[in-house]
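Since the structure comes first, as structure tokens, the remarks are kept for the end.
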Amino acid sequence: DAGVIQSPRHEVTEMGQEVTLRCKPISGHDYLFWYRQTMMRGLELLIYFNNNVPIDDSGMPEDRFSAKMPNASFSTLKIQPSEPRDSAVYFCASSLGYTQYFGPGTRLTVL
Amino acid sequence: GESVGLHLPTLSVQEGDNSIINCAYSNSASDYFIWYKQESGKGPQFIIDIRSNMDKRQGQRVTVLLNKTVKHLSLQIAATQPGDSAVYFCAEANAGKSTFGDGTTLTVKP
Chain V
2 DAGVIQSPRH
12 EVTEMGQEVT
22 LRCKPISGHD
32 YLFWYRQTMM
42 RGLELLIYFN
52 NNVPIDDSGM
62 PEDRFSAKMP
72 NASFSTLKIQ
82 PSEPRDSAVY
92 FCASSLGYTQ
102 YFGPGTRLTV
112 L
Chain R
339 GESVGLHLPT
349 LSVQEGDNSI
359 INCAYSNSAS
369 DYFIWYKQES
379 GKGPQFIIDI
389 RSNMDKRQGQ
399 RVTVLLNKTV
409 KHLSLQIAAT
419 QPGDSAVYFC
429 AEANAGKSTF
439 GDGTTLTVKP
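Taken in order, these protein sequences are the chains called V and R.
Throughout, my numbering is defined as the position within the first sequence, counted from one, plus 1.
Throughout, my numbering is defined as the position within the second sequence, counted from one, plus 338.
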């Protein structure tokens with residue numbers, strides 16, 4: 002298995018632009034998680050899905066952030082409009098049991 | 339609320355020595371405890387886990403100890419190698435969701 006796949010690996014954009022991050026979980030996994038990691042705040046859970054249904058989005062910072070999971074093999078995290086404070090590494094992870102398998106992350110820089 | 343924390347943000351050890359990374363947790367109802375390793379530029383990767391009804395589990399060069407009385411979790415790495423340099427996270431898992439601690443940065447000196 003190729004593991005969790007994220008794209009793009011790096012994204013540089015200007016403040017106010019829309020950013021879409023993509024994730025393909027491991028086939029057969031029924032949970033999908035989106036995290037944000039920064040030096041100041043560490044690893045933060047933004048939202049997670051079970052069987053494509055959002056379960057807990059309490060970690061989503063504000064209405065500028067939205068996530069979807071239209072099917073079992075694809076999820077997106079969208080930021081609109083983006084702000085410099087959104088700069089971070091965004092990880093997607095999937096799981097079947099308790100252990101989560103993380104993707105390589107998307108490093109987002111908002112200028 | 340739930341929280342998982344690590345006692346020390348950084349740990350420096352000599353190559354060949356044993357390393358012990360500690361973690362305190364607050365949710366006594368957690369089902370599983372998991373240690374992850376995050377190398378620079380990568381996502382966290384599973385190292386070892388332990389079910390809440392166990393107090394010790396061993397892997398290859400790693401051992402996890404769970405003390406439910408004081409809500410303490412530790413990761414022991416035997417004969418630490420340069421490749422062990424990374425950030426280590428403990429996490430407590432319940433019903434599919436995990437709560438991660440702040441992480442301990444392990445540096446191995448040659």
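By construction, the Cβ of each residue, glycine as well, lies at the ideal position given by its N, Cα and C atoms.
Buried or exposed by the 16-neighbour rule on C-beta atoms within 10 Å, applied to M70 of chain V | buried
R65 of chain V (DSSP reduced to helix, strand or coil) = coil
Three-state class that DSSP yields for G104 of chain V in the structure shown | coil
For the stretch 78 to 109 of chain V, which residues have a CB atom closer than 8 Å to at least one CB atom of chain R, in sequence order?
-> F92, A94, S96, Y99, T100, Q101, Y102, F103, G104, P105 and G106
For the beta strand (DSSP E) holding H11 of chain V, just list the boundary residues, first then last.
-> H11 to T14
Please check the pair S357 of chain R and L444 of chain R, which I expect to be a contact at CB under 8 Å, by giving their CB distance rounded to whole angstroms.
-> 6 Å
Is there at least one Cβ from chain V nearer than 8 Å to D393 of chain R's Cβ?
-> D393 of chain R does not count as touching chain V.
Assuming Q352 of chain R contacts K447 of chain R under a Cβ cut-off of 8 Å, what Cβ separation, rounded to an integer in Å, is found between them?
-> 5 Å
So the beta strand (DSSP E) P55 of chain V belongs to, where does it begin and stop?
-> Here the beta strand (DSSP E) through P55 of chain V covers V54 to D57.
Partners in chain R for N53 of chain V, counting only beta-carbon separations shorter than 9 Å = Those within 9 Å of N53 of chain V in chain R number zero; the least Cβ separation is about 14 Å.
From V:S83, V:M41, V:F34 and V:Q81, pick the residue whose C-alpha is nearest to that of G98 of chain V; which is it?
-> V:F34
Could you name the residues of the stretch 29 to 51 of chain V whose beta carbon sits closer than 7 Å to any beta carbon of chain R, in the order they occur along the chain?
-> Considering only beta carbons, the part of the stretch 29 to 51 of chain V lying closer than 7 Å to chain R consists of Y32, G43, L44, Y49 and N51, in chain order.
Consider the Cβ of D57 of chain V: report whether some Cβ of chain R lies at a distance smaller than 8 Å.
-> yes
Sub-8 Å separation of T107 of chain V and I372 of chain R beta-carbons = no
First and last residue of the beta strand (DSSP E) that includes E377 of chain R?
-> Taken as a continuous stretch (DSSP letters only), E377 of chain R belongs to no beta strand (DSSP E), as it is neither H nor E.
Cβ contact (3+ pairs, closer than 8 Å) linking the stretch 40 to 51 of chain V and the stretch 358 to 368 of chain R | no
Can you have a look at E15 of chain V and say buried or exposed, based on whether 16 or more other CB atoms are within 10 angstroms of its CB?
-> Classification of E15 of chain V: exposed, given that the 10 Å Cβ count is below 16.
In chain V, what lies closer than 7 Å to A431 of chain R by C-beta?
-> What A431 of chain R touches in chain V: Y99.
Taking just the CA atoms, how far does N52 of chain V sit from Q396 of chain R?
-> 33 Å
Below 8 Å between beta carbons: does that hold for T21 of chain V and K79 of chain V?
-> yes
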